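From first to last, the protein sequence lines are chains A and B. Under the UniProt record's numbering, think of the first position of the first sequence as 1, with each following residue one higher. Under the UniProt record's numbering, think of the first position of the second sequence as 1, with each following residue one higher. Cβ coordinates follow ideal geometry from the N, Cα and C atoms, glycine included. Just so we're clear, the structure is a prediction, and the values are computed from it rather than from any experiment.
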Amino acid sequence: MNTLTLAMRDSSTMVRRQLKRLVRYPSMTVQLIVTPVILLLLFVYIFGGTLGTGIGGGRDTYVNYVVPGILLMAAATAATGTAVMVATDMTEGIIARFRTMRISRASVLTGHVVGSVIQQLLGMAVLIGIALAIGFRPNATVVEWLAAVGLLALFIVAITWLSVALGLKSSSPEAASNAPMPLVLLPFLGSGFVPTDSMPTVLRWFADYQPFTPIMETVRGLLLGTPIGNSGAIATAWCVGIAALSYLWAKSTFNKA
Amino acid sequence: MTNLAIAANGLRKSYGDKVVLDGVDLAVPEGTIFSLLGPNGAGKTTTVQILSTLIPADGGTVQVAGHDLARRPDDVRGAIGVTGQYSAVDKLLTGEENLLLMADLKHLSRRDGKRKAAELLDRFDLVDAARKPAATYSGGMQRRLDLAMTLVGDPRLIFLDEPTTGLDPRSRRSMWQIVRELVANGVTIFLTTQYLEEADELADRIVLLDHGRLIAEGTADELKRLIPGGHIQLRFAGTHRLDAARQVVGAGVADPEALTLQVPSDGSVRAIRELLALLDEHSVEIDEMSVHTPDLDDVFLTLTGQKKEATR
Numbered sequence: 001m002n003t004l005t006l007a008m009r010d011s012s013t014m015v016r017r018q019l020k021r022l023v024r025y026p027s028m029t030v031q032l033i034v035t036p037v038i039l040l041l042l043f044v045y046i047f048g049g050t051l052g053t054g055i056g057g058g059r060d061t062y063v064n065y066v067v068p069g070i071l072l073m074a075a076a077t078a079a080t081g082t083a084v085m086v087a088t089d090m091t092e093g094i095i096a097r098f099r100t101m102r103i104s105r106a107s108v109l110t111g112h113v114v115g116s117v118i119q120q121l122l123g124m125a126v127l128i129g130i131a132l133a134i135g136f137r138p139n140a141t142v143v144e145w146l147a148a149v150g151l152l153a154l155f156i157v158a159i160t161w162l163s164v165a166l167g168l169k170s171s172s173p174e175a176a177s178n179a180p181m182p183l184v185l186l187p188f189l190g191s192g193f194v195p196t197d198s199m200p201t202v203l204r205w206f207a208d209y210q211p212f213t214p215i216m217e218t219v220r221g222l223l224l225g226t227p228i229g230n231s232g233a234i235a236t237a238w239c240v241g242i243a244a245l246s247y248l249w250a251k252s253t254f255n256k257a
Numbered sequence: 001m002t003n004l005a006i007a008a009n010g011l012r013k014s015y016g017d018k019v020v021l022d023g024v025d026l027a028v029p030e031g032t033i034f035s036l037l038g039p040n041g042a043g044k045t046t047t048v049q050i051l052s053t054l055i056p057a058d059g060g061t062v063q064v065a066g067h068d069l070a071r072r073p074d075d076v077r078g079a080i081g082v083t084g085q086y087s088a089v090d091k092l093l094t095g096e097e098n099l100l101l102m103a104d105l106k107h108l109s110r111r112d113g114k115r116k117a118a119e120l121l122d123r124f125d126l127v128d129a130a131r132k133p134a135a136t137y138s139g140g141m142q143r144r145l146d147l148a149m150t151l152v153g154d155p156r157l158i159f160l161d162e163p164t165t166g167l168d169p170r171s172r173r174s175m176w177q178i179v180r181e182l183v184a185n186g187v188t189i190f191l192t193t194q195y196l197e198e199a200d201e202l203a204d205r206i207v208l209l210d211h212g213r214l215i216a217e218g219t220a221d222e223l224k225r226l227i228p229g230g231h232i233q234l235r236f237a238g239t240h241r242l243d244a245a246r247q248v249v250g251a252g253v254a255d256p257e258a259l260t261l262q263v264p265s266d267g268s269v270r271a272i273r274e275l276l277a278l279l280d281e282h283s284v285e286i287d288e289m290s291v292h293t294p295d296l297d298d299v300f301l302t303l304t305g306q307k308k309e310a311t312r
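Structure below.
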């Protein structure tokens with residue numbers, strides 16, 4: 001067997017390990033699914049009427065507007081969970097054991113990433129299901145749906161590698177739970193909950209150029225038919241860039257430790 | 001000449017200003033139990049971490065299982081197994097799943113993996129607990145599972161870093177038994193411990209490590225003879241023989257009550273032979289003889305104590 005086959009085999013072993021762990025310890029998964037659902041309900045039923053009026057409609061209009069933001073926020077929240085899981089795992093003796101074995105080094109991290117991505121796609125499906133139940137009305141074709149889900153999956157991969165790196169950099173699981181916090185705020189400081197043109201200039205400048213905005217605009221455009229412009233290309237570039245850099249960062253941090 | 005499982009020359013490691021290993025040389029013959037003994041902070045765990053590829057050394061050349069440690073760490077990893085001080089099991093997985101995980105990572109086929117896991121569960125008395133999460137295991141069971149996981153790939157060289165620290169006496173004895181069985185099958189064991197009894201019980205060769213330097217090396221008996229405090233005790237049938245013996249030997253502490261004479265000695269065969277020959281020459285009959293060498297505790301305390309005095 002060559003190196004690549006071995007790396008694939010070790011990674012799939014580690015993915016199986018991670019999935020078993022997620023099943024054994026389901027409270028984290030439940031929390032990651034429930035939190036965004038609560039946020040969705042909160043924004044639609046409490047703020048939705050007023051905010052909907054602000055963007056020239058009502059609660060129904062706002063459901064459609066807010067779902068992409070909540071989807072990204074769910075991913076950002078999950079990133080915190082991933083960082084904590086990685087940091088906790090690193091404190092366990094089993095990681096030292098893996099390091100003394102002839103296995104592909106990145107496979108441990110790949111296991112975490114694939115496990116988290118599966119967990120998050122599951123959460124996303126639940127979230128979209130509930131959104132549809134409370135009035136989310138996308139007008140997308142199958143191709144547009146696939147493109148939107150593809151971009152979201154790419155985003156999840158990117159943010160998960162970033163949180164793996166942050167988890168590895170953290171000195172303790174507690175510290176790891178703080179590191180990805182800013183990510184949770186980024187949907188607010190973008191076009192996630194209100195259009196950026198309602199913001200003060202400085203904030204608006206930031207909101208327009210930060211990575212979450214083009215991703216949310218693209219998902220919104222694909223699902224609801226709003227104009228996308230060059231957001232799609234920018235969004236993809238951001239995701240690929242963040243994923244690649246975070247992967248390298250995580251890998252070198254893991255090798256050094 | 002026997003092959004060396006580990007050959008290290010001038011091993012060095014420091015963290016900032018703190019020198020942890022200061023030029024350590026090791027030669028571990030294949031198929032033996034080699035024990036690194038030392039107090040906490042002596043550098044034992046650092047040595048194991050370096051030899052098992054966890055951390056790089058700052059200096060020195062090392063061959064482990066015939067491979068250069070710095071240049072071919074993956075080949076070293078393929079030949080070794082490590083059971084550390086802290087249990088290296090996945091606590092969320094069951095005992096059986098932990099073993100199957102190792103089998104997968106050792107690239108065994110599914111069938112071989114299952115057979116190996118079943119065999120190890122049986123051997124380590126974990127059959128009943130096989131389907132329970134490792135988090136529910138007692139300390140001794142976790143340590144047994146840990147060692148079982150190390151054995152999945154049939155490593156030829158096993159590092160045991162304080163394998164019985166924190167275990168009750170019974171679990172410790174069963175761990176010793178397992179270690180003996182491994183060596184009987186030709187495996188080399190590199191054992192670190194802070195229990196002198198353990199080194200005495202198991203090790204073919206012992207090195208004493210203190211403040212990152214080797215301060216003594218040898219078999220347990222050789223080490224015990226390194227320091228004063230040993231004596232040969234002779235017992236006689238009556239007072240007149242005791243008196244005669246004392247006159248002939250011209251040294252020693254007599255105890256008329258117990259009818260014994262304690263003669264200071266290093267306890268070596270030569271010293272015993274000379275003493276017996278001397279008494280024989282003068283026709284002093286001995287009832288009983290015993291050799292008292294200092295135990296490793298004495299050696300340890302004396303040698304590490306001396307070292308401290310010297311560095312002050």
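In chain order, Ala83, Val86, Ala87, Ala176 place their CB closer than 6 angstroms to the CB of glycine 167/A, counting only its own chain and leaving out the 5 sequence neighbours on each side. Of the residues Thr94/B, Gly113/B, Gly95/B, the one whose Cα lies closest to the Cα of alanine 103/B is Gly113/B. Under the criterion of beta carbons closer than 8 angstroms, valine 263/B and leucine 226/B do not qualify as touching, at roughly 19 angstroms. Neighbours of valine 82/B in chain A, taken as residues whose beta carbon is under 7 angstroms from its own, are Arg97, Thr100 in chain order. Selection Asp255/B, Val291/B, Leu101/B evaluated against glycine 230/B yields Val291/B as nearest (Cα-Cα). If the five residues before and after leucine 223/A are omitted, its C-beta is found closer than 6 angstroms to the C-beta atoms of Pro138, Ala140, Ala148, all from its own chain and listed in chain order. Nearest to proline 180/A by C-alpha distance, out of Ala75/A, Ala96/A, Gln120/A, is Ala75/A. Identification of chain B residues near glycine 93/A by a Cβ-Cβ cut-off of 9 angstroms yields Gly84, Gln85, Tyr86, Ser87, Ala88, Val89, Asp146, ordered along the chain. Going by beta carbons, threonine 83/B and proline 163/B fall inside the 8 angstroms limit. Looking at the backbone, the Cα of threonine 196/A and that of threonine 110/A are separated by about 36 angstroms. The alpha-carbon of aspartate 287/B is positioned some 11 angstroms away from that of leucine 261/B. Around the C-beta of arginine 111/B, fewer than 16 other C-beta atoms lie within 10 Å, and the residue is accordingly described as exposed. A direct Cα-to-Cα measurement between asparagine 40/B and glutamine 194/B gives close to 7 angstroms. In this structure, the alpha-carbon of arginine 59/A lies about 5 angstroms from that of glycine 52/A.
Rounded to whole angstroms, the separation of the alpha carbons of tyrosine 45/A and serine 170/A is 37 angstroms. Take the alpha-carbon of tyrosine 62/A and the one of leucine 122/A: they are about 24 angstroms apart. Comparing alpha-carbon positions, the option among Pro56/B, Pro256/B, Arg241/B lying closest to valine 284/B turns out to be Arg241/B. Under the Cβ criterion of 8 angstroms, histidine 107/B is counted among the residues facing chain A.
Distance from the Cα of leucine 279/B is smallest, within the candidate group Thr293/B, Thr302/B, Phe236/B, for Phe236/B. Against tyrosine 25/A, the close residues of chain B are Leu92, in the order they occur along the chain (beta-carbon pairs closer than 9 angstroms).
The criterion of a C-beta distance shorter than 8 angstroms is satisfied by glycine 69/A and methionine 216/A.
Linking phenylalanine 136/A to proline 173/A through their CA atoms gives a straight-line distance of about 37 angstroms.
With a beta-carbon spacing of about 7 angstroms, threonine 45/B and glutamine 85/B fall inside the 8 angstroms limit used to define contacts. For alanine 133/A, the enclosing alpha helix (DSSP H) covers residues 107-133. Your pair aspartate 10/A and serine 107/A checks out as a contact, with CB atoms roughly 4 angstroms apart and the cut at 8 angstroms.
Between glycine 95/B and glycine 59/B a beta carbon distance of about 41 angstroms is seen, past the 8 angstroms cut, so the two are scored as non-contacting. Residue state for leucine 92/B is assigned as coil, using DSSP reduced to three classes. The closest CA to that of arginine 12/B, considering only Val28/B, Glu30/B, Val62/B, Pro29/B, is found on Val62/B. Going by beta carbons, leucine 191/B and leucine 202/B fall inside the 8 angstroms limit. Judged by DSSP in its simplified three-state form, phenylalanine 236/B adopts coil rather than helix or strand.
Residues of chain A whose Cβ lies closer than 9 angstroms to the Cβ of glycine 78/B are, in chain order, Met101, Arg102. For lysine 132/B, there is no enclosing beta strand (DSSP E), since its DSSP letter is neither H nor E. Residue environment: arginine 99/A is assigned as buried (16 or more neighbouring CB atoms within 10 Å of its CB, all protein chains considered). Assigned with DSSP and collapsed to three states, glycine 225/A falls in coil, not helix or strand. Taking histidine 282/B as the centre and dropping the five residues before and after it, the same chain places the C-beta of Val248 closer than 6 angstroms to its C-beta, in chain order. In the three-state reduction of the DSSP assignment, glutamate 30/B falls in the coil class.
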